[in-house]
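Add 8 to a position in the sequence shown, counting from 1, and you land on the number used in this note's numbering.
C-beta atoms are modelled at their ideal positions from N, C-alpha and C, and glycine is treated no differently.
Quick caveat, the model's predicted, so the values are computed rather than measured.
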Amino acid sequence: MARWENGPGVLYGAESGIPAEGGIPVEIAASYRARARGLLGRDGIEGALLLTPASGVHTFRMRFAIDVAYLSRDFTVLAVRTMRPGRLGLPRLRARHVLEAEAGAMARWGLRAGLRLDVAPRR
């Protein structure tokens, strides 16, 4: 996809525990305003939040711990980390997108470094 837009989408993972038939609901945050807001002020999230473009995140003023997956330009997972509130994650040099979810969700989905994902906007 050449240009991302804010809105709903679906996350797929070929080799993970993500179901191919339904995928995982993902909220795409492509504008500066949507990326800056991120998960601030929320008590949780169903599915995940995709920040694009982004190479790093923080959890200042967040209410819950999150899993963070750093993704390359072609949606290959570079690293997966769990971050407690009040932390600053170091930016990843090759990261082009960041996927955020509630802590423990990515382990349930089977996300790990080297896995290739796909995100499709939901129309």
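For residue i, three-class secondary structure by DSSP
{"i": "Arg102", "result": "coil"}
{"i": "Arg45", "result": "helix"}
{"i": "Arg120", "result": "coil"}
CB-CB length for residue i against residue j, believed under 8 angstroms
{"i": "Ala111", "j": "Asp75", "result": "6 angstroms"}
{"i": "Gly52", "j": "Val34", "result": "At roughly 15 angstroms, the Cβ-Cβ gap does not stay under 8 angstroms, so Gly52 and Val34 are not in contact."}
Sub-8 angstroms separation of residue i and residue j beta-carbons
{"i": "Ala103", "j": "Leu125", "result": "no"}
{"i": "His105", "j": "Phe72", "result": "no"}
{"i": "Ala121", "j": "Val85", "result": "yes"}
{"i": "Met70", "j": "Leu47", "result": "yes"}
{"i": "Thr67", "j": "Arg92", "result": "yes"}
Own chain partners of residue i with C-beta closer than 6 angstroms, once the 5 adjacent residues on each side are dropped
{"i": "Val18", "result": "Gly31, Ala128 and Arg130"}
{"i": "Arg100", "result": "Ser63, Tyr78 and Leu86"}
8 angstroms Cβ shell around residue i - same chain, five flanking residues per side excluded
{"i": "Gly15", "result": "Glu35, Ile36, Pro129 and Arg130"}
Cutoff 7 angstroms; reference residue i; Cβ partners in own chain excluding five residues on either side
{"i": "Arg81", "result": "Arg104"}
Please give the ranges of any alpha helix (DSSP H) in the segment 52-79, keeping only runs that are unbroken, at least 4 residues long and fully inside the region. Within the segment 52-79, no complete alpha helix (DSSP H) run reaches 4 residues.
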